[in-house]
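Residue numbers 5 to 435, in my numbering, belong to the letters of the sequence shown in order. Report on the structure given below.
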Amino acid sequence: MNSLAQELNEILADTCAIRLFSEAGRRIYFPKGILSQSAEAKQKAHRYNATIGMAYQDGSPLILDAIKEQLPSLQAEEAVAYAPTSGVAQFRDCWQQELFKKNPSLNGAALSLPVVVPGLTAGISFLADMFVNMYDAVVVPDMFWPNYRLILEERKHATMSHYPFFNSKGGFNLEGFEKTVRASARQNGKALVILNFPNNPTGYTPTVAEGQAIASILESVASEGFDILVIADDAYFGLQYEDMSLHESIFALLANKHERILAAKVDGSTKEDFVWGFRGGFVTFGCKGMDRKHYEALEKKLMGIIRSSISSSPSPTQYILLKAIEHPSYHEQKEQFKQLLLKRYQTVKRFLEKHPCPSVLKTLPFNSGYFMCFECNGINAEILRLHLLNTYGIGTISIQEKWLRVAFSSVNEEHIEDLYAHIFKAAEECK
Ligand SMILES: Cc1ncc(COP(=O)(O)O)c(C=O)c1O
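If you want it as structure tokens, here you go:
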């Protein structure tokens, strides 16, 4: 094993991270190679900096006018130079400050600095590289973002242990969650868990009490002597529409909960800032008892994973987002978009209250995010999807032939009633 990997592992020797690492996680390190020599030169090379593979003229990177014209508010350095592997330092600081503001329960807890990744998918995939071995089981509800399957099963050769997302009362299935996490921990000696709220595809966010119960369940499994990695996939963070929902990330309830619980928050601008194609995301770690040196070691491990796959995230994305977050009306503009989505959500709710569902459809609980789902009983969700598409020109998503996911986020408010009227009509016709 490389001595740098050994050094990082020694720093983490007394933490659950070392026991939770995959083989790759144990082996990975951030080399003191080109990038760190170049960073050193950036500080000290006052005469000539002949370190890095970029083309400079008079201290600035060369930039084509054709590019510069597209990005008038960015300096050449911000537009075309490589960003550091862990991300632009000011952007990371700024996101961390926002994170504390958005999650008061963190209450100044010691956390890693957010490490920049090119979107949440990359964040989850990198964490899988760091922590998931072949044949490991990852606890995921039965209703989940299908890309987890590709990441965990196909890329990592891992498996998923499912529990039904909802209980019979239409709340988060705490009992099923507890049973599955505990069984997985006992079988594998550790538990790997993904939590995604607001959830895709259900559009459900747990209540505050359910959120606290999730944290207590994980604490109790950890207290039995099992290490737990919890990935909080916060893609739709901030889009809670009801007061009773947990408005903070579940990460905030776990980041300082137990020495055996390593919480990893995957979040970013994709949906929070309405920039889906920018590919701006973050991974932040939190674990009770870890201090700066532990977090730096974890950041370095993740940087090794990044360096060995995508090397670094795009610079223009990071600088544009940094400037946007610092813009005086950033929060106000975001609130306006949230209100737009809230109105669509309320229109869906109103429609469903006024119109009884066809017998073959059941509306599943939803209170947040972009989506809601119907459960299909006696008809096949894929057949319903195709009927909606081919007969009425309406696109929806069928999941496991059982659920029909409707993204009300992407339909104008004035079209929502018509959309749902057509879904009901099409479901009757599929009987
Ligand atoms: C639950 C969930 N996680 C992660 C992502 C991926 O986000 P990104 O586009 O930033 O990779 C999505 C996108 O649809 C999602 O629904």
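The beta-carbon is built from N, C-alpha and C at its ideal position, and this holds for glycine as well.
Query raised in the report: What do you reckon, are the CB atoms on Glu-246 and Asn-371 nearer than 7 Å?
Result: It is a contact, given that the beta carbons lie within the stated cut-off.
Query raised in the report: Considering only residues of the segment 249-319, which uninterrupted beta strand (DSSP E) runs meet the minimum length of 3 residues and lie entirely inside it, listed in chain order?
Result: 265-272 and 285-290
Report task. Have a look at Phe-412, Ala-28 and Ile-155 and flag the residue whose alpha-carbon is nearest the alpha-carbon of Ala-9. Result -> Ala-28
Report task. Indicate, with yes or no, if ligand 1 has a heavy atom lying under 6 Å from the CB of Gly-123. Result -> yes
Requested in this report: Note down the Cα distance separating Thr-184 from Val-197, rounded to an integer number of angstroms.
Outcome: 10 Å
Query raised in the report: CB-CB under 8 Å to Ser-109, same chain, minus the five flanking residues each way: which ones, in chain order?
Result: Glu-252, Ala-256 and Leu-257
Report task. Just the C-alpha distance for Glu-379 and Glu-44, rounded to the nearest angstrom, thanks. Result -> 57 Å
Query raised in the report: Any heavy atom of ligand 1 closer than 6 Å to the Cβ of Thr-288?
Result: Thr-288: no, Cβ never under 6 Å from ligand 1.
Requested in this report: Have a look at Gln-350, Thr-395 and Leu-408 and flag the residue whose alpha-carbon is nearest the alpha-carbon of Lys-366.
Outcome: Leu-408
Report task. Compare the beta carbon distance of Gly-123 and Gly-285 with 7 Å and say whether it is the shorter of the two. Result -> The answer is yes: Cβ separation under 7 Å.
Query raised in the report: Roughly how many whole angstroms lie between the Cα atoms of Ser-249 and Asp-277?
Result: Taken atom to atom, the span from the alpha-carbon of Ser-249 to that of Asp-277 is near 21 Å.
Query raised in the report: Near Thr-125, which residues of its chain fall below 7 Å by C-beta distance, leaving aside the five closest residues on each side in sequence?
Result: So the qualifying residues of the chain are Asn-151.
**Report entry** Bounding residues of the alpha helix (DSSP H) (the contiguous stretch that carries Val-84)
**Finding:** 80-84
Query raised in the report: Does the beta carbon of Gly-272 come closer than 7 Å to any beta carbon on chain B?
Result: In the structure shown, chain B does not exist; there is a single protein chain.
**Report entry** Validate contact between the segment 187-203 and the segment 218-237 using beta carbons, cut 8 Å, 3 pairs
**Finding:** Three or more Cβ pairs drawn from the segment 187-203 and the segment 218-237 lie within less than 8 Å of each other, which places the two stretches in contact.
**Report entry** Sequence-distant residues of its chain with Cβ nearer than 8 Å to Tyr-167 (five each side left out)
**Finding:** Contacts found: Val-143, Pro-145, Asp-146, Asn-177, Gly-180, Phe-181, Lys-183 and Thr-184.
Query raised in the report: Among the residues of its own chain, which have a CB less than 6 Å from the CB of Glu-102, if the five just before and after it don't count?
Result: none
Query raised in the report: When every heavy atom of ligand 1 is checked, does at least one fall within less than 6 Å of the C-beta of Asn-53?
Result: Asn-53: no, Cβ never under 6 Å from ligand 1.
Query - Gly-193: CB within 6 Å of a non-hydrogen atom of ligand 1 - result: no
**Report entry** Opening and closing residue of the beta strand (DSSP E) in which Lys-194 lies
**Finding:** Under the DSSP assignment, Lys-194 falls in the beta strand (DSSP E) whose first and last residues are 194-199.
Query raised in the report: To the nearest whole angstrom, what separates the beta carbons of Glu-386 and Glu-357, a pair I think is in contact under 8 Å?
Result: Not really, about 28 Å apart at Cβ, beyond 8 Å.
Requested in this report: Determine the closest residue to Thr-351 out of Asn-111, Thr-163 and Phe-412, with distance taken between C-alpha atoms.
Outcome: Residue Phe-412 is the option with its Cα nearest to Thr-351.
Query raised in the report: If you pair each beta-carbon of the segment 11-27 with each one of the segment 67-81, do three or more pairs fall below 8 Å?
Result: Verdict: no, contact absent.
Query raised in the report: Short check: CB of Ile-398 to CB of Leu-390, under 7 Å?
Result: no
Report task. Scan the segment 138-179 and note each continuous beta strand (DSSP E) run of 3 residues or more that stays entirely inside, going in chain order. Result -> 141-145 and 163-167
Query raised in the report: Expressed to the nearest angstrom, what Euclidean distance is found between the alpha-carbon atoms of Asn-53 and Lys-46?
Result: 7 Å
**Report entry** CB contact flag (Ile-403, Pro-210, <7 Å)
**Finding:** no
Query raised in the report: At what residue ranges does the segment 15-59 contain a whole run of the alpha helix (DSSP H), taking only runs of 4 or more?
Result: 20-24, 27-31 and 38-48
**Report entry** Val-410, DSSP secondary structure in three states
**Finding:** strand
Query raised in the report: So does Thr-274 have its beta carbon nearer than 6 Å to some heavy atom of ligand 1?
Result: Because some heavy atom of ligand 1 lies under 6 Å away, the Cβ of Thr-274 counts as near it: yes.
Query - Own chain partners of His-426 with C-beta closer than 6 Å, once the 5 adjacent residues on each side are dropped - result: Tyr-396 and Ile-398
Requested in this report: Specify, as a first and last residue, the run of the beta strand (DSSP E) that Val-379 falls within.
Outcome: Note that residue 379 is Glu in the sequence shown, not Val. Where Glu-379 is concerned, the enclosing beta strand (DSSP E) stretches over 375-380.
Query raised in the report: Would Leu-302 be called buried (16 or more neighbouring beta carbons within 10 Å of its own) or exposed?
Result: buried
Requested in this report: Just confirm the distance between the C-beta atoms of Leu-266 and Phe-241, as a whole number of angstroms; I'd bet it's less than 8 Å.
Outcome: The Cβ separation is near 20 Å, so there is no contact.
Query raised in the report: How is Ser-333 classed by DSSP in three states: helix, strand or coil?
Result: Secondary structure at Ser-333: coil, using DSSP grouped into helix, strand and coil.
Query raised in the report: What is the residue span of the beta strand (DSSP E) that Ala-236 lies within?
Result: 231-237
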